[in-house]
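To keep things clear, I will list the structure first and then write my remarks on it.
Number of protein chains: 2
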Amino acid sequence: MCGVSSLIILGIDPGTAITGYGIVDYQGNHYKLIEYGVLRTSKDQDVAERLNDVYIGINKLIEVYKPDCMAIEELFFNKNVKTALQVGQARGVVMLVAYQKKVPIYEFTPLQVKQAVVGYGRAEKKQVQFMVKAILNLSDIPRPDDAADALAIAICQGNYCSSGLMLRSDKNC
Amino acid sequence: MCGVSSLIILGIDPGTAITGYGIVDYQGNHYKLIEYGVLRTSKDQDVAERLNDVYIGINKLIEVYKPDCMAIEELFFNKNVKTALQVGQARGVVMLVAYQKKVPIYEFTPLQVKQAVVGYGRAEKKQVQFMVKAILNLSDIPRPDDAADALAIAICQGNYCSSGLMLRSDKNC
């Protein structure tokens, strides 16, 4: 996957209520924004229906934008168990869609995302958002946060490709 | 759903490595075992592929046994965040399949399962397994534990139906 001259990367920040997505075209160390946004579900829906909305939404994004790969945060340990279970449910559905659509998945820790986007792993959220805006040459910081986070993950994926570093989940990289 | 004379219940204990399932026929306060077992995935597989195996496996179970409903544990808070995220991923996929197959989902806490099967909520795992064996008139305790747990959840669902209690996720019960 890495080493190619143009790469459409779909970054995802999964959640049952809001799943952020960001799609970038990575060409020769430059990034071009293609699209970003969020998939929202209603708290009035059953969880299973919300997960199905995520399933349908991610399927559509892949069909429309035909990404070469998906980037997603690996794990997070700074939230509580209930949150982890809920995020896990949405994350499982997102990974399932990618697998079914044959889109390779790359996982990054929050530390890796911050290092790639800002330059150091303990960066504040606002610094990450500022750098996302700068790297993608946007007039404003992307809103909501979930979409900005998804773009940061997508940028991280491109940076790791350009650095030639072996990715855990990409034995061919 | 409740109040009908015969009910095929699919109990699920979700996990990425092992998903336990137990299918019972609940007729007039009696339970008959239909099938139980586990879906196993290999740690050599990528997570997304394992989740897809769970997706395919649950789809097949629903197609073969045509359950009227699915029973699943609601949440658990006694495990760590990493475990919760991993279980959440498999749980999300299981709920997605049920939704797509139009199988109503009923969620129960571990406390409810123990109360329903043993009679009190602080029962030991072995007591639950012993009661599953007794209620289903089996010669041995079902193995592995994941399958026994899934059967316990299915029995819990039947008991709640027979008690006429309103279930959180079943407004028609």
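Sequence lines, in order, name chains A and B.
When we follow the numbering used here, the leftmost residue of the first sequence carries the number 1, and every step to the right adds one.
When we follow the numbering used here, the leftmost residue of the second sequence carries the number 1001, and every step to the right adds one.
All residues carry an ideal CB built from backbone N, CA and C; glycine is no exception.
**D25/A, DSSP secondary structure in three states** = Residue state, collapsed to three classes: strand.
**Request:** Kindly list, in the order they appear in chain A, the residues whose Cβ is closer than 8 Å to that of M1095/B.
**Result:** For a Cβ distance threshold of 8 Å, residue set V47, A48, L51, Q89 of chain A lies close to M1095/B, ordered along the chain.
**Request:** May I ask you to list, following chain order, the residues of the region 1111-1144 of chain B that have a beta carbon less than 7 Å from some beta carbon of chain A?
**Result:** So the list is empty, because no residue satisfies the distance condition.
**Item:** Residue environment, D1013/B, which counts as buried when at least 16 other CB atoms sit within 10 Å
**Value:** Label assigned to D1013/B: buried.
**Request:** Specify, as a first and last residue, the run of the alpha helix (DSSP H) that R91/A falls within.
**Result:** Note, R91/A: alpha helix (DSSP H), 81-100.
**Prompt:** Any idea if L167/A is buried or exposed, counting beta-carbon neighbours within 10 angstroms, 16 or more meaning buried?
**Reply:** At L167/A the pLDDT is 43, less than 50, meaning the model places this residue with poor confidence; the figure from the coordinates comes in the next sentence. When all chains shown are included, L167/A counts as buried.
**Prompt:** Roughly how many angstroms lie between the CA atoms of K126/A and K133/A, to the nearest whole one?
**Reply:** Between K126/A and K133/A, the C-alpha separation is close to 11 Å.
**Message:** Counting only Cβ pairs nearer than 7 Å, list the residues of chain A close to Q1100/B.
**Reply:** The contact set of Q1100/B on chain A, defined by CB atoms closer than 7 Å, consists of N52 in chain order.
**Item:** Assumed close pair A1071/B, G1011/B - CB separation to whole angstroms, cut-off 8 Å
**Value:** Indeed, because the Cβ distance is near 5 Å, the residues count as touching under 8 Å.
**Request:** Taking C-beta pairs closer than 7 Å, name the residues in chain B that V38/A reaches, listed in chain order.
**Result:** None at all; the shortest Cβ gap to chain B is about 18 Å.
**Request:** Check the Cβ of G11/A against every Cβ in chain B and list those closer than 7 Å, keeping chain order.
**Result:** Result: empty, since nearest Cβ-Cβ is about 16 Å, beyond 7 Å.
**Asked** Thinking C-beta only, is L1061/B closer than 8 Å to Y1021/B?
**Response** Taking the C-beta atoms as reference points, L1061/B is found nearer than 8 Å to Y1021/B.
**Request:** Classify Y1160/B as helix, strand or coil using the three-state DSSP reduction.
**Result:** Correct three-state label for Y1160/B: helix.
**Expected contact under 8 Å - CB spacing of V54/A and V93/A to nearest Å** = At roughly 5 Å, the Cβ-Cβ gap stays under 8 Å, so V54/A and V93/A are in contact.
**Prompt:** Near A17/A, which residues of its chain fall below 8 Å by C-beta distance, leaving aside the five closest residues on each side in sequence?
**Reply:** If you ignore the 5 residues before and after A17/A, its C-beta comes within less than 8 Å of the C-beta of R40, T41, K43, R50, all in its own chain and listed in chain order.
**Request:** With hydrogens ignored, establish whether the beta-carbon of Y1026/B is closer than 7 Å to any heavy atom of the ligand SAM.
**Result:** Annotation note on the ligand SAM: not contained in the displayed structure, which lists no ligands.
**Request:** Could you tell me the boundaries of the beta strand (DSSP E) in which R122/A lies?
**Result:** Per DSSP, R122/A belongs to no beta strand (DSSP E) and is neither H nor E.
**Same chain only: Cβ atoms within 8 Å of V24/A, ignoring 5 sequence neighbours per side** = Cβ neighbours of V24/A within its own chain (closer than 8 Å, five residues either side excluded): I8, I9, G11, Y31, K32, L33, I34, L136, L151, A154, I155, G158.
**Message:** Tell me the rounded alpha-carbon separation between N59/A and L1111/B.
**Reply:** Taking the straight line from one Cα to the other gives about 37 Å.
**Item:** I1105/B vs A90/A beta-carbon contact at 8 Å
**Value:** No, the Cβ-Cβ distance between I1105/B and A90/A is not below 8 Å.
**Item:** Which of helix, strand or coil DSSP assigns to L61/A
**Value:** The three-state reading of DSSP puts L61/A in helix, counting H, G and I together.
**Prompt:** Hey, how far is the Cα of D140/A from the Cα of D146/A?
**Reply:** Put simply, the backbone Cα of D140/A is about 15 Å away from that of D146/A.
**Residue-level contact to chain B via CB, L61/A, 8 Å cutoff** = So no, L61/A is outside the interface.
**Asked** Can you check whether the CB of L85/A is closer than 8 Å to the CB of G1088/B?
**Response** Yes, these two residues count as a Cβ contact at 8 Å.
**Request:** Let me know if E1124/B comes out buried or exposed under the rule of 16 or more other beta-carbons within 10 Å of its beta-carbon.
**Result:** So E1124/B ends up on the exposed side.
**P1142/B to V81/A span [Cα, whole Å]** = P1142/B and V81/A: Cα-Cα distance of roughly 29 Å.
**Prompt:** In chain B, which residues lie less than 8 Å from G57/A when you measure between Cβ atoms?
**Reply:** Taking the beta carbon of G57/A as reference, no residue of chain B falls within 8 Å; the closest one sits roughly 13 Å away.
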